[in-house]
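Since the structure comes first, as structure tokens, the remarks are kept for the end.
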Amino acid sequence: MRVLVAEDHPRLATAVAEGLRREGMAVDLAFDGADALAHLAVNRYDVVVLDRDLPAVHGDQVCRTLVAQRAETRVLMLTAASTIRDRVEGLELGADDYLPKPFDFSELVARIRALARRAVSPLPPTFERGDLRLDPARRVAFRGERRLTLSPKEFALLEFLLAADGRAVSAEELLARVWDEAANPFTSTVKTTIGRLRAKLGDPPVIETVREGGYQI
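Residue numbers (numbering that gives the first Met the number 0): 0 to 216.
Now the structure itself:
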């Protein structure tokens, strides 16, 4: 899952991003509305966590732009404006959800995951393929009866491959969807992580390399 956090308070934005990365999400940051629109123009995000009161371009306008473009990105407004009228206005602008500050981080994570499941191609709450089983909400994965010990990035990679439902996924797509903009596209990051994940999954192998196509489960 790739998320854009658009928040003009750097400490809060950084804290939210670090927490979401620990949950296995790829997270980019924008500190004003113009920067948020620039990110949204070049990257595909599952969810944007959008502060309403952004400088440069107001968060409301960012939301209107996404709605006008019929973007697949889901909008979670995260803002100090917390009255019922504020929430109604945010939802009427086209936001998919609204969470007032201060907030509980576990609720933020749950809401982001719920929005991602409501994408154009809805995702199931758990993934199963063969003897592999992965629960994104509980952050657990099993091969048969064996619980897998995975890093956040390995977990996110496995989740994305399972969500592809047998489709071959290129290394470029994996880099764009599982890693954030800080990832170097000219490194062997994807290949290295695939190698570690294969070793942890064990035999018989379940991740196949598709010639000129990428990887599939």
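Just so it is clear, CB atoms sit at the ideal spot from N, CA and C, and this is done for glycine as well.
Original post:
How many angstroms separate the CA atom of Asn-183 from the CA atom of Gly-23?
Top reply: 18 Å
Quiz prompt | First and last residue of the uninterrupted beta strand (DSSP E) at Gly-165 | solution = That residue, Gly-165, is in no beta strand (DSSP E); it is neither H nor E in DSSP.
- Under the rule that 16 or more other beta-carbon atoms within 10 Å means buried, what is Gly-194, buried or exposed? exposed
- Residues bridged to Arg-296 (per DSSP): As displayed, the chain neither begins before 0 nor continues past 216, which places residue 296 out of reach and without an answer.
Span of the beta strand (DSSP E), counted from its first residue to its last, around Val-46: 46-49
Under 8 Å between the Cβ atoms of Ala-115 and Arg-145?
no
(request) Determine the closest residue to Leu-157 out of Asp-202, Glu-106, Arg-128 and Glu-171, with distance taken between C-alpha atoms. (result) Arg-128
Candidates Leu-196, Val-66 and Arg-176: closest to Val-2 by CA position
Arg-176
Review point. Pro-124 by DSSP, collapsed to three states: which one?
Key: coil
| query | So, is Gly-201 buried or exposed, given that buried needs 16 or more other C-beta atoms within 10 angstroms? | reply | exposed
Query - Helix, strand or coil at Pro-151 according to DSSP, with G and I counted as helix - result: helix
Handout entry: Arg-117 to Asp-95 span [Cα, whole Å]
Key = 10 Å
Exercise. Spatial neighbours of Lys-199 within its chain, please: CB distance less than 8 Å, with the 5 preceding and 5 following residues excluded, ordered by chain position.
Key: Leu-147, Thr-148, Leu-149 and Glu-153
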